[in-house]
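Below you'll find the structure, written out as structure tokens, and then a few comments.
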Amino acid sequence: LDADKEGFLRSDTSLVQTIGRAARHVNGRVLMYADVVTRSMQRAIDETSRRREVQMAFNTEHDITPVSIVKGLSDLTDRVAEESGDERSTVIDEAAIREQLGFVRIDQMSRLEMAQAIKDLESRMRLAADSLDFEKAAVFRDEVSRMRKELSSLNV
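Going letter by letter, the sequence shown gives residues 97 to 252 in my numbering.
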């Protein structure tokens, strides 16, 4: 972080926010590059140190050992589906999706059919993402990418 510039994005509150964001990651570090330590930098460093001391005291008092969690994307979609009352399974099998969606072999398509299929897949990708089905959206994205690559090689 180019931190020795004063201004909106280098204010002490912005720096504290950025530092705090990095601190949430188990290996998070903040490197502030500067020729001179500005007042904003010093206030941010002081506030971060104060907060760290408070957190460490709390952890010691309550016998807490901080650990990083491991959470997959399907965990997030499961939680969202659960909260919205959606009972559908969010376990994604890419091959099953391809079969269910009727993906055809690219070598069996004309250029025009391929271009139309790309538009259709992009539309499906957006719908899947809008409904928070990111894994299905990723399958569509990968298929679009594969088809575009094939289409561009045909146009050579």
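Heads up, the beta-carbon is just placed ideally off N, CA and C, and yes, glycines get one too.
Item, Value
"Could you tell me whether the segment 152–163 touches the segment 123–131, using the rule of 3 or more Cβ pairs below 8 Å?", "no"
"With a CB to CB cut of under 7 Å and the five nearest residues on each side skipped, what residues in its chain are close to V112?", "A140, E143, T144"
"So the alpha helix (DSSP H) I214 belongs to, where does it begin and stop?", "207–226"
"Using a threshold of 8 Å, state whether the C-beta atoms of V240 and E218 are closer than that.", "yes"
"How should R106 be labelled, buried or exposed, when 16 other C-beta atoms within 10 angstroms of its C-beta is the threshold for buried?", "buried"
"Leaving out five residues before and five after S185 in sequence, what residues of the same chain have Cβ atoms less than 8 Å from its Cβ?", "Low local confidence applies: a pLDDT of 47 at S185 is under 50, so the model's placement there is unreliable, with the coordinate-based value given in what follows. Nothing listed; no residue qualifies."
"Where A234 and S164 are concerned, what is the direct C-alpha to C-alpha distance, given to the nearest angstrom?", "26 Å"
"Decide if I115 is buried, meaning its Cβ has at least 16 other Cβ atoms within 10 Å, or exposed.", "buried"
"Are there 16 or more other CB atoms within 10 angstroms of the CB of T134, so buried, or fewer, so exposed?", "buried"
"Taking C-alpha atoms, which residue in D229, L228, M243 lies nearest to K215?", "M243"
"When you compare only the Cα positions, how much space is there between D131 and Q138?", "13 Å"
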